[in-house]
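Asker: Okay, here's the structure, questions in a sec.
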Amino acid sequence: MPQVAILDDYAGVALRLADWSPVQTRSRLTVFDRHLAEEEAADALRPFDVICTLRERMALPRTLLERLPNLKLITIVGRNLPNLDMAAATELGILVAHTDFAHPRFRSVHDATPEFAWGLLIATVRNLAEEHRRMRDGGWQSTTGLTLSGKTLGLLGLGRVGQRMAEYAKVFGMDVIAWSQNLTADAAAAVGARRVEKATLFEQADVVSIHVVLSERSRGLVGEPELALMKSHAYLINTSRGPIVDEAALLNALRSGRIAGAGLDVYDVEPLPPDHPLRLLPNVTLSPHLGYVTREMLSAFYADTVEAVSAWLDGTPTRIANPEASDQARLRLQ
Numbered sequence: 003m004p005q006v007a008i009l010d011d012y013a014g015v016a017l018r019l020a021d022w023s024p025v026q027t028r029s030r031l032t033v034f035d036r037h038l039a040e041e042e043a044a045d046a047l048r049p050f051d052v053i054c055t056l057r058e059r060m061a062l063p064r065t066l067l068e069r070l071p072n073l074k075l076i077t078i079v080g081r082n083l084p085n086l087d088m089a090a091a092t093e094l095g096i097l098v099a100h101t102d103f104a105h106p107r108f109r110s111v112h113d114a115t116p117e118f119a120w121g122l123l124i125a126t127v128r129n130l131a132e133e134h135r136r137m138r139d140g141g142w143q144s145t146t147g148l149t150l151s152g153k154t155l156g157l158l159g160l161g162r163v164g165q166r167m168a169e170y171a172k173v174f175g176m177d178v179i180a181w182s183q184n185l186t187a188d189a190a191a192a193v194g195a196r197r198v199e200k201a202t203l204f205e206q207a208d209v210v211s212i213h214v215v216l217s218e219r220s221r222g223l224v225g226e227p228e229l230a231l232m233k234s235h236a237y238l239i240n241t242s243r244g245p246i247v248d249e250a251a252l253l254n255a256l257r258s259g260r261i262a263g264a265g266l267d268v269y270d271v272e273p274l275p276p277d278h279p280l281r282l283l284p285n286v287t288l289s290p291h292l293g294y295v296t297r298e299m300l301s302a303f304y305a306d307t308v309e310a311v312s313a314w315l316d317g318t319p320t321r322i323a324n325p326e327a328s329d330q331a332r333l334r335l336q
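Shown next, in the form of structure tokens:
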């Protein structure tokens, strides 16, 4: 009987948020509720035919895939996974099945990330994490926050999430400026924003919020030069991906008071190491990559995962991102 692993179910909700019976009746299903580092994963996942991932929670480099001789199918959320070595998976005959974001089940959940990003923005500029900690310790009010009305929001990226952020900002009475490498003035104006150059965005914004996709072009897009342009009372919000920001430069800017603070949901290394210096800074509001983590969103992800695994068990794999792996996959099934 095939063995199927659900990885990184931190909240222990995977089996409750979707009907896994089509998989459970035909396989042995195991749930891992904590992160597995590569060495541990190589041992723990060795018997499995299928592993079900959730976003980038689990890195799947060649060095790990080569140590999983039984692996035949990986399910991923989205059409690609930056920390999955797709070339290695293909060479090894491991099929990769992706989610179907066009499915109606996803239509009502796309706002999960912008809703969270806006909440993190408010929590950051009003120092909620620091004041919460102080209240827990028996203290009382000790900080002053930033009024958003009349301030300028700078959006680094104006895709689906960035556009929603622009809408929220308008409700709060903010001016909105935006930049990305391919953004046009007309596209920005269509959502009530003004297209500016990158340097101008960092100079003028009271809050900079990052919404570009991580790529080789965007890696390190926000570094020491950009942070040096920001106002001393300005804040940086990152709910996109950690490596878009030069972490060392951000730490320096926060420690020196070059910027007022940051709200971070994403990091270079996830989970964030327990001894990471970001955990010690009072002017940082941290969250553990929660942007997409809602019951509704996870239900949609897991329902798609069940469909993908069921199709593979039926011998008719669907939504395969690397169909060229099929020949090798057939050899592994023999």
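Position one of the sequence shown corresponds to residue 3 (my numbering), numbered consecutively onward. Note that the Cβ used here is the ideal one computed from N, Cα and C, for glycine as well. All of these numbers come straight from a predicted model, not from anything done at the bench.
For T154, I'd like the list of residues in its chain whose CB is within less than 8 Å of its CB, leaving aside the five on either flank, ordered along the chain.
Answerer: For T154, where only same-chain residues beyond five positions count, the Cβ hits under 8 Å are M176, D177, V178, I179, Q206, A207, D208 and V209.
Asker: Look up Q5 in the DSSP assignment and say whether it is helix, strand or coil.
Answerer: It is a strand residue.
Asker: T126 and T287: beta carbons closer than 9 Å?
Answerer: Taking 9 Å as the Cβ cut-off, T126 and T287 qualify as a contacting pair.
Asker: Here's the rule: buried if 16 or more other CB atoms are within 10 angstroms of the residue's CB, otherwise exposed. What is G293?
Answerer: Buried, by the Cβ-count rule.
Asker: Quick check on the burial criterion: 16 or more other C-beta atoms within 10 angstroms. Buried or exposed for A243?
Answerer: Contrary to the premise, residue 243 reads as Arg rather than Ala in this sequence. R243 is buried by the Cβ-count criterion.
Asker: Consult DSSP for L47 and reduce its assignment to one of helix, strand or coil.
Answerer: Here L47 sits in coil by DSSP.
Asker: Using CA coordinates, which residue listed in W142, R257, A7 and T115 is at the minimum distance from P279?
Answerer: Of the listed residues, the one whose Cα sits closest to P279 is R257.
Asker: Pull up the DSSP beta-bridge partners for A99, would you.
Answerer: Paired residues: T77 and I322.
Asker: Which residues share a DSSP beta bridge with N240?
Answerer: DSSP output for N240 lists I212 and L266 as bridge partner(s).
Asker: Do G147 and L157 come within 9 Å of each other at the CB atom, strictly closer than that value?
Answerer: Against a cut-off of 9 Å, the Cβ pair of G147 and L157 comes out as no contact.
Asker: In three-state terms, what does DSSP make of V127?
Answerer: It is helical.
Asker: Give the DSSP-derived three-state secondary structure of D2 in the structure shown.
Answerer: Shown here, the chain extends from 3 to 336; a query on residue 2 therefore has no answer.
Asker: Looking only at its own chain, which residues have a Cβ that is under 7 Å from the Cβ of V268, when we skip the five neighbours before and after it?
Answerer: The residues are N240, T241, S242, R243, G244 and H291.
Asker: Among A7, T101 and A16, which has the Cα closest to the Cα of R1?
Answerer: It is not possible to answer for residue 1, since the shown part of the chain is limited to 3 through 336.
Asker: Taking Cβ positions, are S312 and V98 nearer each other than 9 Å?
Answerer: No, they are not a contact pair.
Asker: Could you check which residue in G80, E68 and A46 has the C-alpha nearest to that of M299?
Answerer: If we check each option's Cα against that of M299, G80 comes out closest.
Asker: Using DSSP with H/G/I as helix, E/B as strand and the rest coil, what is V198?
Answerer: In the structure shown, V198 sits in coil (DSSP, three-state: anything other than H, G, I, E or B).
Asker: Quick check: what's the CA-CA separation for A90 versus P63?
Answerer: Each residue's Cα considered, the two are about 8 Å apart.
Asker: Ordered along the chain, which non-local residues of its own chain (more than five positions away) have a Cβ less than 8 Å from that of S151?
Answerer: Closer than 8 Å at the Cβ level, and outside the excluded window around S151, lie F174, G175 and M176.
Asker: Bridge partners of R30, per DSSP?
Answerer: Note: R30 sits in a beta bridge opposite Q5.
Asker: For L155, which beta-bridge partners are listed by DSSP?
Answerer: Paired residues: V178 and V209.
Asker: Contact between the stretch 119-134 and the stretch 187-195: three or more CB pairs below 8 Å?
Answerer: Counting Cβ pairs under 8 Å, fewer than three are found: no touch.
Asker: Measure the C-alpha to C-alpha separation of V295 and A114 and round it to an integer number of angstroms.
Answerer: Using only the alpha carbons, I get a separation of about 7 Å.
Asker: Quick check on the burial criterion: 16 or more other C-beta atoms within 10 angstroms. Buried or exposed for E58?
Answerer: By the 10 Å Cβ count, E58 comes out buried.
Asker: Have a look at I246 and I212 and give me their C-alpha separation to the nearest angstrom.
Answerer: Each residue's alpha carbon lies about 8 Å from the other.
Asker: Would you report the Cα separation of P4 and P49, rounded to the nearest angstrom?
Answerer: Using only the alpha carbons, I get a separation of about 9 Å.
Asker: Alpha carbon to alpha carbon, what distance is there between T318 and V15?
Answerer: About 28 Å.
Asker: If you check the beta carbons only, do V198 and G159 fall under 9 Å apart?
Answerer: Result no, Cβ atoms of V198 and G159 do not sit closer than 9 Å.
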